[in-house]
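Colleague: There's a structure below that I have some questions on.
4 protein chains.
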Amino acid sequence: MTNSVDRRTQAAQKRRRLAAAAARVLHEQGIERTTLADIAHEAGVPVGNVYYYFKTKDELVRAALGEHRDRLDELTAGLDRLPAPHDRLRALVETWVSQRETTARYGCPTGTLAAELGKRADDSLHAEAGAVLRRLSDWTAAQFRAWGVPDPDDHARTLVSAHQGMSALTHALRDPSVTTREATRLLHWLDSLRAGPGISP
Amino acid sequence: MTNSVDRRTQAAQKRRRLAAAAARVLHEQGIERTTLADIAHEAGVPVGNVYYYFKTKDELVRAALGEHRDRLDELTAGLDRLPAPHDRLRALVETWVSQRETTARYGCPTGTLAAELGKRADDSLHAEAGAVLRRLSDWTAAQFRAWGVPDPDDHARTLVSAHQGMSALTHALRDPSVTTREATRLLHWLDSLRAGPGISP
Amino acid sequence: MTNSVDRRTQAAQKRRRLAAAAARVLHEQGIERTTLADIAHEAGVPVGNVYYYFKTKDELVRAALGEHRDRLDELTAGLDRLPAPHDRLRALVETWVSQRETTARYGCPTGTLAAELGKRADDSLHAEAGAVLRRLSDWTAAQFRAWGVPDPDDHARTLVSAHQGMSALTHALRDPSVTTREATRLLHWLDSLRAGPGISP
Amino acid sequence: MTNSVDRRTQAAQKRRRLAAAAARVLHEQGIERTTLADIAHEAGVPVGNVYYYFKTKDELVRAALGEHRDRLDELTAGLDRLPAPHDRLRALVETWVSQRETTARYGCPTGTLAAELGKRADDSLHAEAGAVLRRLSDWTAAQFRAWGVPDPDDHARTLVSAHQGMSALTHALRDPSVTTREATRLLHWLDSLRAGPGISP
DNA sequence: GATGAATGAGACTTCATTCAT
DNA sequence: CATGAATGAAGTCTCATTCAT
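And the structure:
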């Protein structure tokens, strides 16, 4: 019994390791240019073995998106420890700034995956990517709401959109300073909301 | 001589037709999922013939980016006919709105190509995509400058970034209303600049 | 463990089988006129599987050259069992005679491969072919040296050159008797050296 | 009339130019690695035009062999001006020495073409290459005969074989000194025949 | 005859997926 | 479960040859 639990745990760990490897490699190389062998190699798992954990490559992509969602949850969970919603949002923006070098090289993980998946005939994976962005939007709206800002959903959409925009431009121009500057603007905007609603971003 | 000119023109036209087909199909299917046969079929040309005009698939991608650049130039040339820079910028934003359905389905052509190209080891095509975005940014900065807005480059970067962001989100959520709403916000922002500089977006 | 060794052995055997098939077909059809499908078919293996063992066609060519080198080694190892160097060299020449029909049809395996490879821009495979010929030359020189013939390297070069020449001519004229006659001459020459050095071939 | 003759002459010149270009490029790149475009480009002729002079690629190969035969005839015609057969043969060997650098890079033109053609299912071109070698052999035999050496055909075969051998080895080892040394040996051999028959090569 | 363009067969290579042990 | 090996569909690219003007 203990043995079987161990096994189950071990299996779960291997699944996780594969998902994490997939998240990493797919972010860096894109979906279509990444082979299963790349992911297996990154995870230190024999190629043939991958299929015991994921029946198709698409399932690995799905797992990678799940991984990104989990990381987002960890991030927001951390931010939730800050007392003021306003500070949480500022910290979110600062997180983006701290990732600017990676963004310049590989773009936003979820955003670029969504861009690639959005052109498929089959929508299911694309929707999964969209869900991760919506999850961020929902959390952000909750902050605006808690803060008492009117139209919290609109403000959230604007902030997430701004993140996608600055990530895309940072990536396209390979210039981390795009992130720095846009983030500064966003922080000013957040501060301007503090004084009270009325000033549109 | 007339004959040879005709031929040269015809060849150039076919090249252009292939480039246009490539621009369309690559936008809709992404680079890696598009085969040369797809492009050849879209252009109504046998596959083998494509190689008479473009030696590699990458050259076709490059041509597609050139096509997008040309369309951008046509767009801005049209906008330049408007007398006031402020109106040109408003019209730009409204152009984006008019494209919202296509954006919801396939994303911003240049932006999604840049996202896909940015993960390659070889930078040259990615840089080409970045150049198209920078071209838009330069034109935009020129409008802000003509308008007398301070920090025109910063404002231009913000506007282009906003476009990339709203396109990415519109695409990821398959929701054209994202574009509509963000565009509305941008128009307010442009109007607020009219009153005089000082109010940050 | 036994299992894994078995597998490794099996894999090595298949690699060898492919290399042997390549050596055969490349000898008979030449490099450029031989397709991977030809080699796969000769080895009784599906085409796709070939790439599990050899990443490119050139690697198969390299393996074929290795095969020829191995056969040369087996040949000289057999000759080394003869007590007198002089007899070993005579036996070498007689081996050539025994292969005259194949030579008339397809030429010397190493020699014709070298001829084809020598015209490439990239030298690496050509050098490999040259190394096989040099290996024969080295063994031959060792025999002359052991025999006490002066200038053993010169004599070896002459013998190997004679072999290449008679093989080329036998092949070009499709006439095995060229080999027979030139071999007779070479045997006389070897005998003349027996009496003592001094008589140039 | 003059006009038509001019035209016929011009056409013949173009044919010749193409054949010469083919001889050159095929020698340097081998048959299979040379494209019709390569030859057309080398001759300064548009690709489509080649087919008015040669209906297939194989006919161009045949023409290239004819070109090599013509050059051989020019060579022997020049040697025929020397009074003594013995000197003609010495001069022949010295011609080979003078070509050693080209041989090291590309091998003997006729020999390497023969090697490549000899592996085809269809014999006709291969026979053409063999005929060029036999032509050299015939001329050589005539010299030995005029000189009074017995078994002139055997001696001729040996000399031509020696040339093929030293060319092949020079090419395979990319070492022109192979030619120099073997040529020295051949000159000694020719001199030894001068004293009178009896000493076998 | 001359020429740029067209065509289609076929080559090499990659890779997701499956299989046998 | 584990794993090296197997498979075949598909993609990119080349090129001899033909065609239209």
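Chains as they are written, first to last, in the UniProt record's numbering: chain A, 1 to 201; chain B, 1 to 201; chain C, 1 to 201; chain D, 1 to 201.
Positions of the beta carbon are idealized from the N, C-alpha and C atoms, including for glycine.
Everything numeric in this text was worked out from a predicted model, so none of it was measured.
(1) Touching or not, the segment 77-87 of chain A and the segment 26-36 of chain A, by the rule of three or more beta carbon pairs under 8 Å?
(2) Less than 8 Å between the CB atoms is what I'm expecting for B:A21 and B:A43, so what's the real figure, rounded?
(3) Is the Cβ-Cβ distance between D:L106 and D:H27 less than 9 Å?
(4) In chain order, what residues of the same chain have a beta carbon less than 7 Å from the beta carbon of A:R135, not counting five sequence neighbours either side?
(5) Which of helix, strand or coil does DSSP assign to D:F54?
(6) B:T34 lies in the alpha helix (DSSP H); which residues open and close that run?
(7) Could you round the C-beta distance between D:L117 and D:A131 to whole angstroms and report it? I think they count as a contact, below 8 Å.
(8) What ranges does the alpha helix (DSSP H) occupy inside the segment 123-166 of chain B, keeping only unbroken runs of at least 4 residues that lie completely in it?
(9) So, are the CB atoms of D:A172 and C:H171 less than 9 Å apart?
(10) Helix, strand or coil: how does DSSP classify D:A84 here?
(11) Would you report the Cα separation of A:S98 and A:S177, rounded to the nearest angstrom?
(12) Classify D:K55 as buried or exposed, calling it buried when 16 or more other Cβ atoms lie within 10 Å of its own Cβ.
(13) Answer with buried or exposed for A:A19, where buried requires no fewer than 16 other C-beta atoms within 10 angstroms of its C-beta.
(14) Is A:S200 close to chain B, meaning its C-beta is less than 9 Å from at least one C-beta of that chain?
(15) From the beta carbon of B:K57, is the nearest beta carbon of chain A less than 9 Å away?
(16) So what does DSSP say about B:D70, is it helix, strand or coil?
(17) Put C:V25 into one of helix, strand or coil per three-state DSSP.
(18) Is there a Cβ of chain D sitting closer than 9 Å to that of C:D122, yes or no?
(19) So, are the CB atoms of A:L159 and A:R90 less than 9 Å apart?
(20) Please determine, among D:G66, D:L193, D:T110, the residue with the shortest C-alpha to C-alpha distance to D:S161.
(21) What is the DSSP secondary structure of C:R90, reduced to helix, strand or coil?
(22) Can you tell me whether DSSP reads C:P46 as helix, strand or coil?
(23) Less than 9 Å separating the beta-carbons of B:T180 and B:R100?
(24) Along the chain, where does the alpha helix (DSSP H) containing B:D191 start, and where does it finish?
(25) Which residues in chain D sit within 9 Å of C:Y53, going by Cβ to Cβ distance?
(26) Expressed to the nearest angstrom, what Euclidean distance is found between the alpha-carbon atoms of B:A40 and B:L169?
(27) Would you mind giving the Cβ-Cβ distance between C:A141 and C:P152, rounded to the nearest angstrom? I have them listed as a contact below 8 Å.
(28) Would a check of beta-carbon distances place D:V160 closer than 9 Å to chain C?
(29) Compare the C-beta of A:L133 with all C-beta atoms of chain B and state if any pair is closer than 9 Å.
(30) Of the choices B:F144, B:L82, B:A115, B:T112, whose alpha-carbon is the least far from that of B:L190?
(31) Where does D:L75 sit, in a helix, a strand or coil, going by DSSP?
(32) At a CB-CB cut-off below 8 Å, which residues of chain D make contact with C:V178?
(33) Find out if the Cβ-Cβ distance for the pair B:G165, A:Q164 is shorter than 9 Å.
(34) Please compile the residues from chain A whose C-beta is within a distance smaller than 8 Å of the C-beta of B:H171.
(35) The segment 71-95 of chain C: which residues have C-beta closer than 8 Å to a C-beta of chain D, in chain order?
Modeller: With the given structure in hand:
(1) no
(2) Position 21 of the second sequence, counted from the first residue, corresponds to residue 21 of chain B. Position 43 of the second sequence, counted from the first residue, corresponds to residue 43 of chain B. Rounded, the Cβ-Cβ distance is 4 Å, consistent with contact.
(3) As a working note, residue 106 of chain D is residue 106 in the fourth sequence. As a working note, residue 27 of chain D is residue 27 in the fourth sequence. Reading off the sequence shown, one finds Tyr at residue 106 of chain D, where the question assumed Leu. Yes, these two residues count as a Cβ contact at 9 Å.
(4) Stepping through the first sequence from its first residue, residue 135 of chain A is reached at position 135. For A:R135, where only same-chain residues beyond five positions count, the Cβ hits under 7 Å are R69, L72.
(5) Against the fourth sequence, residue 54 of chain D aligns to sequence position 54. Residue state, collapsed to three classes: coil.
(6) Numbered from its first residue, the second sequence carries residue 34 of chain B at position 34. It is not in any alpha helix (DSSP H) - B:T34 carries neither H nor E in the DSSP assignment.
(7) Numbered from 1 along the fourth sequence, position 117 holds the residue referred to as residue 117 of chain D. Numbered from 1 along the fourth sequence, position 131 holds the residue referred to as residue 131 of chain D. Not quite, the Cβ-Cβ distance comes to about 12 Å (not below 8 Å), so this is no contact.
(8) 124-147
(9) By one-based count along the fourth sequence, residue 172 of chain D stands at place 172. By one-based count along the third sequence, residue 171 of chain C stands at place 171. Not a contact, by the Cβ cut-off of 9 Å.
(10) As a first step, residue 84 of chain D must be located in the fourth sequence, where it is residue number 84. DSSP places D:A84 in coil when its eight states are reduced to three.
(11) By one-based count along the first sequence, residue 98 of chain A stands at place 98. By one-based count along the first sequence, residue 177 of chain A stands at place 177. Whole-angstrom Cα-Cα distance: 11 Å.
(12) Position 55 of the fourth sequence, counting from 1, holds the residue named residue 55 of chain D. Under this definition D:K55 is an exposed residue.
(13) For the purposes of this step, residue 19 of chain A is identified with residue 19 of the first sequence, where counting begins at 1. A:A19 comes out buried.
(14) On the first sequence, position 200 is the one that residue 200 of chain A refers to. Unreliable placement is indicated for A:S200, whose pLDDT of 46 sits below 50; no coordinate value is reported for it.
(15) Here the question's residue 57 of chain B lines up with position 57 in the second sequence. So, not an interface residue.
(16) Within the second sequence, residue 70 of chain B is the residue found at index 70, counting from 1. In this structure, B:D70 counts as helix in the three-state DSSP scheme.
(17) Taking the first residue of the third sequence as position 1, residue 25 of chain C is located at position 25. Helix at C:V25.
(18) Your numbering for residue 122 of chain C matches position 122 in the third sequence. Not an interface residue.
(19) For the purposes of this step, residue 159 of chain A is identified with residue 159 of the first sequence, where counting begins at 1. For the purposes of this step, residue 90 of chain A is identified with residue 90 of the first sequence, where counting begins at 1. No; because the gap between Cβ atoms is not below 9 Å, this pair is not in contact.
(20) Along the fourth sequence, read from residue 1 onward, the residue named residue 161 of chain D stands at position 161. The residue with the shortest Cα to Cα distance from D:S161 is D:T110.
(21) Locating residue 90 of chain C in the third sequence gives position 90, where the first residue counts as 1. If DSSP states are grouped into helix, strand and coil, C:R90 belongs with the helices.
(22) Here residue 46 of chain C corresponds to residue number 46 of the third sequence, with the count starting at 1. Residue state, collapsed to three classes: coil.
(23) The residue labelled residue 180 of chain B in the question sits at position 180 within the second sequence. The residue labelled residue 100 of chain B in the question sits at position 100 within the second sequence. Yes, Cβ-Cβ distance for B:T180 and B:R100 is below 9 Å.
(24) Indexing the second sequence from 1 puts residue 191 of chain B at position 191. Where B:D191 is concerned, the enclosing alpha helix (DSSP H) stretches over 176-194.
(25) The sequence position of residue 53 of chain C within the third sequence is 53, counting from 1. The contacting residues do not exist; C:Y53 stays about 24 Å from chain D at best.
(26) Along the second sequence, read from residue 1 onward, the residue named residue 40 of chain B stands at position 40. Along the second sequence, read from residue 1 onward, the residue named residue 169 of chain B stands at position 169. B:A40 and B:L169: Cα-Cα distance of roughly 31 Å.
(27) Counted from its first residue, the third sequence places residue 141 of chain C at position 141. Counted from its first residue, the third sequence places residue 152 of chain C at position 152. That belief holds up - the Cβ atoms of C:A141 and C:P152 are roughly 5 Å apart, short of 8 Å.
(28) Taking the first residue of the fourth sequence as 1, we reach residue 160 of chain D at position 160. Yes, contact with chain C.
(29) Stepping through the first sequence from its first residue, residue 133 of chain A is reached at position 133. With 9 Å as the cut-off, A:L133 counts as an interface residue toward chain B.
(30) In the second sequence, counting from the first residue as 1, residue 190 of chain B sits at position 190. Looking at the Cα atoms, B:F144 is the closest of the given residues.
(31) As a first step, residue 75 of chain D must be located in the fourth sequence, where it is residue number 75. Three-state DSSP puts D:L75 in a helix.
(32) Numbered from 1 along the third sequence, position 178 holds the residue referred to as residue 178 of chain C. Per Cβ cutoff of 8 Å: R157, S161.
(33) The sequence position of residue 165 of chain B within the second sequence is 165, counting from 1. The sequence position of residue 164 of chain A within the first sequence is 164, counting from 1. Going by C-beta atoms, B:G165 is nearer than 9 Å to A:Q164.
(34) As a working mapping, residue 171 of chain B is identified with position 171 in the second sequence. Within 8 Å Cβ-Cβ: A114, A115, G118.
(35) none
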